[in-house]
Each structure stands twice: as C-alpha cells, then as structure tokens.
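Trainee:
Residue numbers (our numbering): 9 to 482.
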C-alpha cells in the first residue's frame with residue numbers, strides 16, 4: 009500500500025525578497041563579487057576595507073594592494089571628485105547613479121571602471137560595485153583608429169580625384185563622359201568643347217547623338233548597343249554636326265559607384281589639324297606681333313592670345329587667359345563689350361572700335377579694336393592696337409566748345425557721369441553770369457534765373473560761387 013500523499017502548500021503570489029534573514033554576510037559578498045567585475049567596501053572615513061575582483065583584469069593580486077588605502081588615493085586626479093560624490097550620495101536601499109572612474113595602472117593605460125554605490129546601513133560602510141570598461145575603451149580606440157584610417161582613405165581618394173580632374177581638363181584630346189543608359193553627357197573637357205564649338209555647360213546633359221550628323225548618329229547608336237552587349241566596340245569615323253568636320257570616335261566602358269558610363273574620345277585627323285590652325289611660322293609671327301591678338305570661340309572665351317595682349321591685361325602666361333571670357337578685360341562697363349559683339353554679329357567684322365582694356369591689377373589702356381568672325385568655324389579674332397596715352401580731359405575747368413571736344417570725353421567716362429558733370433558746369437556758369445550782370449545783386453539774380461533766393465543760395469554754396477557771409481542785398 010502506497011504512502012498517503014501530503015498536500016503541497018501553494019506558493020505566495022509574489023516572490024519573496026532576498027533579505028538579510030535569507031543570506032548571511034559571506035553569501036551576500038559572494039553574490040556581489042560574482043555579479044560585478046570589481047567590488048569595494050569603504051568605511052565612513054573613505055578607506056578601503058575589503059576588495060574583490062571578479063575577473064582576470066585586474067587580477068586579485070593587483071587590487072589586494074588597495075586594502076587599507078584611502079579610495080581617493082587609488083584613482084587618478086580627475087576622478088577624485090567623482091568618488092567623493094559616490095560616497096556622499098550613497099543611501100540605504102538604493103544605488104547611486106553610475107560614474108566612470110579611472111585607476112592608474114603601472115603596466116599600461118589607466119583602468120576605467122564604472123561604479124555605483126549603496127550603503128546597507130545608514131551609519132555603516134559603503135559598497136561600491138564596478139564594471140570594468142577596459143574592453144569598451146579598447147573598442148573605442150579601435151573605432152577611432154578605423155575612423156582615422158577611413159579619413160586617410162578619403163584623403164587619398166580626393167587626391168586621386170583631383171589628379172583625374174586636372175588631367176581631364178588639361179588633356180589636349182577631346183574627351184566626353186556619357187551615361188551608358190541614357191546617352192546623356194555628364195562631363196566634357198575643354199578640348200572637346202572647343203572641337204564642338206560650344207561652352208561646356210551647354211554640352212553637359214545633352215544627348216551625345218545630337219552632336220553628330222544623322223548618318224553618324226545611327227552609327228553611334230549601334231556603338232552604344234554593342235557596348236552594352238559585348239562590353240567593347242570598334243572605332244569608327246563620324247562627322248560632327250553643324251559642319252564641325254570629321255572625327256574618329258573611340259569608346260571605352262567603365263563602371264562607377266551605381267551606374268555605367270562610356271568614355272568617348274574624339275580624334276581629329278592630322279590633315280584637319282593642319283588646315284584648321286595656322287602654320288608654325290604664322291603662329292610664331294602672330295605671337296611676336298607688337299599688337300594684341302586674341303582668338304575666341306563663339307561664346308567669347310579665349311582660345312589663344314599673343315604676348316602683346318597678355319602685357320596689356322597684365323597676365324604672365326597664356327594659360328591664365330585661356331578659357332576666360334574676353335569681356336572680362338574689355339571696356340569701361342559691360343555695355344561696350346555688348347555693343348562690340350552685336351556689331352560683329354550683324355556685320356561680320358568691326359574696325360577702329362575705341363575702348364579700353366582693364367588690366368588684372370588695375371591698369372587701363374586705350375585701345376582700338378579690329379575684329380572678325382570666321383564663317384562656319386565658330387571662332388572670333390580680335391586685334392588690339394594700343395592708343396597714345398592722353399591725360400584725362402577736365403570736366404570742371406571749361407565747357408567743351410565743339411562736338412570734337414565732346415567726342416574726346418566719350419569712352420573716357422560714362423555717359424551718365426558726363427551728363428551730370430556737364431549739367432553742373434552749365435548751372436555754375438549761369439549763376440556766375442547772372443551775378444555779374446546784376447552786379448552781385450542776389451535777389452535780382454535769383455529772379456533772372458527763375459529761382460527763389462533760398463534756392464540760389466543753396467546752389468551758390470554747392471558750387472562755391474560768391475561770398476555768402478556778407479549781408480544780403482535787397
């Protein structure tokens with residue numbers, strides 16, 4: 009016969025708290041030591057009475073030397089206010105907030121520990137429980153080193169991109185970078201812009217097929233199809249649109265970060281290069297001309313300039329002028345350059361256009377310009393003949409007596425300034441004449457000029473006419 013089964017009492021609905029009645033002091037100490045990396049018992053005077061290390065870093069031998077020492081003596085100088093705050097804020101029944109404290113280590117870097125404190129009895133010792141942060145610090149160091157390595161890689165990539173950009177811009181071979189999917193031009197170097205006859209910003213974003221004649225455009229479409237299928241395509245002869253002439257097209261496929269692009273190289277036949285440019289002797293003669301000479305594209309950007317022009321605009325090398333708009337140095341204001349280009353566009357040539365060239369460092373040279381537009385080539389030629397140096401005609405001394413004298417002032421000052429200064433001069437002469445006729449009778453002079461006496465006085469003060477300190481005449 010089996011033994012009778014005794015009923016098991018039901019467990020309470022809430023877990024029983026662990027109290028001092030369930031655990032003795034030794035057991036509680038073992039639990040604290042097992043749950044933390046480092047635990048300290050500090051008496052009310054701040055002296056470490058017990059110390060326990062739960063891991064190999066730091067080992068028990070290393071922390072045993074702290075026993076009997078003041079807690080503030082075992083930490084670094086900047087950590088002393090933190091341990092004082094931990095001891096001060098310790099209360100019974102609650103943990104303080106966690107604070108990171110550094111212990112000096114003779115073998116290497118400081119030991120970082122994250123401490124919280126509790127005080128079991130209001131007048132008893134304080135227990136500090138700590139978590140070793142050395143592994144976290146090592147991860148942070150490795151992260152910082154990885155970030156530094158990434159920065160160095162970024163610097164190398166930026167340097168490589170800068171070198172690529174410089175080579176791309178300075179290359180004498182016309183090069184286009186085209187998106188393989190959309191056939192839109194993403195980049196164009198100056199050599200290609202000169203060959204096509206447009207400024208780079210008007211070429212970028214355009215369908216590359218539109219740059220060629222219809223028959224060559226079909227061949228170019230076949231080239232892109234072949235590139236997408238086989239990854240390479242043979243070179244072919246094409247003709248550029250707008251009578252820009254023949255060119256040999258070479259294509260290379262390359263992949264970027266998220267897209268595939270095509271590098272198009274446009275090789276101009278040697279015969280065309282000889283026919284399009286001047287001979288070596290002619291180029292040397294133009295370079296040595298005592299008059300300034302400049303060739304620009306249809307957008308007025310400098311393609312070539314001789315030494316005399318560089319001296320007029322105070323530049324050291326031709327590279328400083330190449331690619332810059334010629335109106336940057338031309339005229340007193342932009343309206344003069346606009347008038348020159350409008351005349352050149354309407355008539356194809358300009359002779360004896362008087363204006364000035366502004367130097368890079370503030371010099372102003374009077375010049376006469378002769379210019380011509382080359383039909384079908386999309387380029388312009390400008391010749392600058394320096395005029396004789398003339399002193400600026402005074403505006404406040406005497407009124408110009410003839411049309412010729414007035415013409416001398418045009419181009420040397422703006423029309424707005426010329427009209428204003430001439431008007432002031434006429435007013436001053438009229439006031440002086442009225443005062444002379446009326447024998448300095450201000451009232452009669454004002455009536456003769458159709459002004460009030462106050463208005464006459466204001467203008468006399470403005471132009472420095474007469475003596476206004478004397479008594480007014482009736």
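From the three backbone atoms N, C-alpha and C, an ideal C-beta is built for every residue, glycine too.
All values reported here derive from a predicted model rather than from experimental measurement.
Per DSSP, what are the beta-bridge partners of residue 218 in this structure?
Mentor: Paired residues: none, contrary to the question.
Trainee: Tell me which residues share the same chain as residue 328 and place their Cβ nearer than 6 Å to its Cβ, disregarding the 5 neighbours each side in the sequence.
Mentor: Nothing listed; no residue qualifies.
Trainee: Measuring CB atoms only, is the stretch 154-170 touching the stretch 121-132, in the sense that at least three cross pairs come out at less than 8 Å?
Mentor: No, the stretch 154-170 does not touch the stretch 121-132.
Trainee: Which runs of the alpha helix (DSSP H) spanning at least 4 residues fall entirely within the stretch 275-354, listed in chain order?
Mentor: The qualifying runs are 278-284, 288-295, 315-320, 326-329.
Trainee: Taking the straight line between their C-alpha atoms, what separation do you get for residue 192 and residue 215?
Mentor: Rounded to whole angstroms, residue 192 to residue 215 spans 5 Å at the Cα level.
Trainee: Who are residue 110's beta bridge partners in DSSP?
Mentor: According to DSSP, residue 110 bridges with 120.
Trainee: With a CB to CB cut of under 6 Å and the five nearest residues on each side skipped, what residues in its chain are close to residue 180?
Mentor: Result list for residue 180: 199, in chain order.
Trainee: Measuring CB atoms only, is the stretch 345-365 touching the stretch 376-393, in the sense that at least three cross pairs come out at less than 8 Å?
Mentor: Enough Cβ pairs lie closer than 8 Å, so yes.
Trainee: Looking at the unbroken alpha helix (DSSP H) that takes in residue 161, where does it start and where does it end?
Mentor: Start and end: 142-178.
Trainee: Just checking, does the stretch 246-254 make contact with the stretch 203-213 on the three C-beta pairs under 8 Å criterion?
Mentor: Touching, yes, given that three or more Cβ pairs across the two stretches are closer than 8 Å.
Trainee: I'd like to confirm the pairing. Which residues does DSSP put opposite residue 102 in its beta bridges?
Mentor: Paired residue(s): 99.
Trainee: If we ignore side chains and look at the alpha-carbon of each, how far apart do residue 50 and residue 58 end up?
Mentor: Roughly 7 Å separates the two Cα atoms.
Trainee: Out of 388, 269, 76, which one is the CA nearest neighbour of residue 190?
Mentor: Nearest C-alpha to residue 190: 269.
Trainee: Per the contact definition of three or more C-beta pairs closer than 8 Å, is the stretch 170-184 in contact with the stretch 144-158?
Mentor: No: fewer than three Cβ pairs fall under 8 Å.
Trainee: Answer with buried or exposed for residue 308, where buried requires no fewer than 16 other C-beta atoms within 10 angstroms of its C-beta.
Mentor: Buried: at least 16 other Cβ atoms inside 10 Å.
Trainee: Helix, strand or coil for residue 255? Go by DSSP, reduced to three states.
Mentor: In the structure shown, residue 255 sits in a strand (DSSP, three-state: E or B).
Trainee: By how many angstroms is the C-alpha of residue 338 removed from the C-alpha of residue 391?
Mentor: Using only the alpha carbons, I get a separation of about 12 Å.
Trainee: Leaving aside the five residues before and after residue 440 along the sequence, list all residues of the same chain whose C-beta is less than 7 Å from its C-beta, in chain order.
Mentor: Excluding residues within five positions, the ones whose Cβ falls inside 7 Å are 473.
Trainee: Just checking my contact of residue 275 with residue 258 at CB under 8 Å: how many whole Å lie between their CB atoms?
Mentor: Indeed they touch by this definition, with Cβ atoms about 7 Å apart.
Trainee: Is residue 373 closer than 8 Å to residue 320 when the C-beta atoms are compared?
Mentor: Result yes, Cβ atoms of residue 320 and residue 373 sit closer than 8 Å.
Trainee: For residue 134, which residues does DSSP report across the bridge?
Mentor: Beta-bridge pairing links residue 134 to 50.
Trainee: Along the chain, where does the alpha helix (DSSP H) containing residue 201 start, and where does it finish?
Mentor: Unbroken alpha helix (DSSP H) run through residue 201: 198-204.
Trainee: Note the first and the last residue of the continuous beta strand (DSSP E) segment covering residue 376.
Mentor: Note, residue 376: beta strand (DSSP E), 372-382.
Trainee: Who are the near neighbours of residue 217 in its chain, counting only those whose CB is closer than 8 Å to its CB and skipping five residues on each side?
Mentor: 191, 225, 228, 229.
Trainee: May I have the straight-line CA-CA distance separating residue 480 from residue 427, to the nearest angstrom?
Mentor: Residue placement at residue 480 is poorly supported in this model, since its pLDDT is 47, which falls under 50; the coordinates still yield a value, given next. Rounded to whole angstroms, residue 480 to residue 427 spans 33 Å at the Cα level.
Trainee: According to DSSP, simplified to helix, strand and coil, what is residue 433?
Mentor: In the structure shown, residue 433 sits in a helix (DSSP, three-state: H, G or I).
Trainee: Where DSSP assigns a beta bridge to residue 232, which residues make up the other side?
Mentor: Paired residues: none, contrary to the question.
Trainee: Looking at the strands, I want to know which residues DSSP matches up with residue 389.
Mentor: Per DSSP, 303, 380.
Trainee: Name the DSSP bridge partner or partners of residue 61?
Mentor: The partner list for residue 61 (beta bridge, DSSP) reads 46.
Trainee: For residue 120 versus residue 94, is the C-beta spacing smaller than 8 Å?
Mentor: Cβ atoms of residue 120 and residue 94: not closer than 8 Å.
Trainee: When the Cα atoms are used, what is the spatial distance from residue 108 to residue 123?
Mentor: Their Cα atoms are separated by approximately 6 Å.
Trainee: State the DSSP-derived secondary structure class of residue 81, mapped to helix, strand or coil.
Mentor: Of the three classes helix, strand and coil, the one that applies to residue 81 here is helix, per DSSP.
Trainee: Go through its chain and collect everything with a Cβ distance to residue 456's Cβ below 8 Å, but skip five positions before and after it.
Mentor: Excluding positions up to five away in sequence, the list reads 442, 445, 446.
Trainee: Go to residue 248, then tell me how far its beta strand (DSSP E) extends in each direction, as first and last residue.
Mentor: Unbroken beta strand (DSSP E) run through residue 248: 244-248.
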